[in-house]
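Heads up, the thing below is written out as structure tokens.
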Amino acid sequence: MSPAVASGPIELVVAYSAGGVSDLMGRNLAVNVESGLNQKMIVQNRPGAAGMVGTDFVYKAKPDGQTVLLARIATLAVAPNLQKVPYDPAGFTPLGLIATDPFVCVTSARKELSNVDAVKKVLAERPGTLTYSSSGVGSLNQFAVLRFLEALGAEQPLKAAAHIPSQGEGPALTAVAGGHIDLFCGNVGPVMPQVQSGTVNALFVTSQERIPGLDDVPTAQEIGLAELEEIVGWSALMGPPNMDEQTVTKYVAALDKMKNDAAWQQFIKKMGSEPRVLNPADTATFISNQQALYKEMALRMGIKK
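Under the UniProt record's numbering, the first residue of the sequence shown is numbered 1, with each subsequent residue one higher.
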């Protein structure tokens, strides 16, 4: 007899270090999914190579439902379009999208760049003088800024502003808050405290609706940049290739139960994310579209590692 999910604790791999946003989401997810499965789920942090170590670990695991991945956009949609990765990003078994992470683009409160029109004016009158930071070349932060500059009319976004990479999103945001860098785009959760404290100006968010806690910050659509709504981070629960349908169905039922839980929804929103649980088929389509989006952007803009 083959159980739908094998016995024993399930390992939920978080491909990043403990204490970060992915880790917090993974631990909350584990509590909810294990309740739905009626089976213990343990979070295992397997960081390394910007998330690729843990991602590859799950890709090579047995497809028995005992090892699953909290997948992130960086390892499944962005990195594979910029470098060789040890796994097939399209080969995982989708169990369900969990949440999307809107971006917020900010400028230093110490600079005369308090709105999108001011940024556009600098691009037009003093091309190449604007500076921006990110967590590295080819990072989602960089893609977000370049897509923003392109939406403002920059034909060659890579040349329109000077990229000054930082050792992570935290240092990049700090550089903007200190007035050393002009522009940064990042996930709402980590950036929100700086906006609320007034050390940075929030230009817009990429969510479809305004975000609680940033009620005065317009959406991209409100300021005529609706195309930037495609720039969001996301998390999904994924399994190794070739998981059987019965096992997948068990996970789907657990996620369906979770998505209606008020406490879970509140947790996700508190992190600056948006609850968005999708079934496996819709998850596969969503991720495939994201992979195609970043492949096209990398080629069009000439982004290379």
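Ideal placement from N, C-alpha and C gives every residue a C-beta, glycine not left out. Every value quoted in this text rests on a predicted model; they were computed, and no experiment measured them.
Around the C-beta of R300, fewer than 16 other C-beta atoms lie within 10 Å, and the residue is accordingly described as exposed. In terms of Cβ geometry, V106 and I223 do not form a close pair [threshold 8 Å].
At least 8 Å separates the beta-carbon of T67 from that of M52.
Inter-segment contact for the region 155 to 164 and the region 236 to 256 is absent: fewer than three beta-carbon pairs are separated by less than 8 Å. Under the three-state reduction of DSSP output, Y294 falls in the helix class. Unbroken beta strand (DSSP E) stretches of 3 residues or longer found wholly inside the region 123 to 181: 130 to 132, 161 to 163, given in chain order. Looking at the DSSP output, N45 bridges to V14.
The region 177 to 186 and the region 76 to 96 do not touch, with fewer than three beta-carbon pairs separated by less than 8 Å. Comparing C-alpha distances from K60 to each of Y87, I42, V188 shows the shortest one belongs to Y87.
Between the alpha carbons of Q221 and M297 lies a distance of about 20 Å. Here P102 is buried: its Cβ has 16 or more other Cβ atoms, across all protein chains shown, within 10 Å. Judged by pairs of C-beta atoms under 8 Å, the region 38 to 54 does not touch the region 203 to 219, as fewer than three such pairs exist. In the structure shown, the three-state DSSP call for G239 is strand. For P89 and E112, the gap between their C-alpha atoms comes out near 42 Å.
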